[in-house]
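*Asks:*
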Amino acid sequence: MSLRSPLGRVLGLGSAKHGSSIWWAERVSSVALVPLTLWFVFSLLLLPALDYSTVRAWLAVPFSGLLAVLMVAVTAYHSYLGTVAVVEDYVHAPGPKLVSLVLLRFVHVLTGAAGIFAILRIAFVA
Amino acid sequence: MPPVRARPLSPHLEIYRWQISNTLSILHRITGVALSVGFLAFVYWLMALAGDGESYASVVRVFGSALGIAALVALTFAFFYHLLNGVRHLVWDVGFGFERSERRASGWAVVIGALILTLGVWAIYWSFERG
């Protein structure tokens, strides 16, 4: 009988020694998203209006822009991890599985980059 | 070498009796996938906002249509459900709340909490619109 805890046994296992790294990344990104997404939703909701200039002025404030960039980046990462887990669980045929996984990576990099680009453009291009 | 045959692969969704625990578990996945799609729409909105007033107005028209509002309300519920149930999972990860009564209570709290927050957000939105 081993006296090591289940987590202690898994940490550092596998050929790449990254046995628990994806599990861990899902948790850490979810913890970060709790304050980031709540801040975004309620800040947006409490703006005096949701018209073009009001929303832009809000995102052009350095603090809002920074948090919005972080929210988009962590959301893209968390969404990537989640949808990959879904494909790995339900898509069994090797071909479609590979194509889905590559597509998910492309779509998430594209979406994350587009979101960050949009916020930076609002912040830096008046 | 034993003969290779097609073995059933986990998860076997069809063998479960539906109850609150596995219903909320699959709902966590469904809302997660819905939020991933919603994230695409969100970035589309951000890109329109980064453009001129014309591009923003056209996206707001789409989001403000009856179908758009219905989708946004559904996404609001998906967001709050996934967030609250995610916290429920984090509490489990730290090692608390595994008793049968605790699992059920936290499950119902998550569903009711998500409904209340969704109604609250849209109540605030519509009170501003009219006020």
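Sequences listed follow chains U and L, in order.
Per the working numbering, the first sequence starts with residue 103, numbered consecutively.
Per the working numbering, the second sequence starts with residue 539, numbered consecutively.
Glycine included, each C-beta is placed from N, C-alpha and C at the ideal position.
Does L:V625 get closer than 8 Å to chain U when you measure Cβ to Cβ?
*Replies:* At least one chain U Cβ lies under 8 Å of L:V625.
*Asks:* If you follow the alpha helix (DSSP H) that L:D631 is part of, which residue opens it and which one closes it?
*Replies:* 604-632
*Asks:* Just to confirm, is the Cβ distance from U:V163 to U:I218 under 8 Å?
*Replies:* Contact: no.
*Asks:* Is U:A228 close to chain L, meaning its C-beta is less than 8 Å from at least one C-beta of that chain?
*Replies:* no
*Asks:* Does U:R207 come out as helix, strand or coil in the three-state DSSP assignment?
*Replies:* helix
*Asks:* Going by beta carbon distance, what residues of the same chain come within less than 7 Å of L:V600, once the five residues before and after it are set aside?
*Replies:* G606
*Asks:* Looking at chain U, is there any beta carbon in it that lies within less than 8 Å of the beta carbon of L:F577?
*Replies:* Using beta-carbon distances, L:F577 counts as an interface residue toward chain U, with a partner under 8 Å.
*Asks:* Would you call L:S665 buried or exposed, if buried means 16 or more other Cβ atoms sit within 10 Å of its Cβ?
*Replies:* exposed
*Asks:* Tell me the rounded alpha-carbon separation between U:T177 and U:A195.
*Replies:* Distance from the CA of U:T177 to the CA of U:A195, rounded to the nearest whole angstrom, comes to 28 Å.
*Asks:* Using a Cβ-Cβ distance cut-off of 8 Å, determine whether L:L584 contacts chain U.
*Replies:* Interface criterion met: the Cβ of L:L584 is under 8 Å from a Cβ in chain U.
*Asks:* If contact means a Cβ-Cβ distance below 9 Å, which residues of the region 561-577 of chain L contact chain U?
*Replies:* R567, G570, V571, L573, S574, F577
*Asks:* Closest to U:L135 by C-alpha separation, out of L:Y554, L:L657, L:L621, would be which residue?
*Replies:* L:L621
*Asks:* Kindly indicate if chain U contains any beta-carbon less than 8 Å away from that of L:G651.
*Replies:* no
*Asks:* Can you pull the chain L residues whose beta carbon is under 8 Å from the beta carbon of U:L168, in chain order?
*Replies:* Those do not exist, as U:L168 stays about 15 Å from chain L at its closest Cβ, beyond 8 Å.
*Asks:* Looking at the secondary structure, which residues open and close the alpha helix (DSSP H) in which U:W169 lies?
*Replies:* In the sequence as presented, Trp is not what sits at residue 169 of chain U; that position holds Leu. Element bounds for U:L169: 164-192.
*Asks:* What does a CB cutoff of less than 7 Å around U:T213 pick up in its chain, not counting 5 residues either side in sequence?
*Replies:* A178
*Asks:* Tell me which same chain residues have a C-beta within less than 7 Å of the C-beta of U:T156, skipping the five on either side of it?
*Replies:* L149, P150
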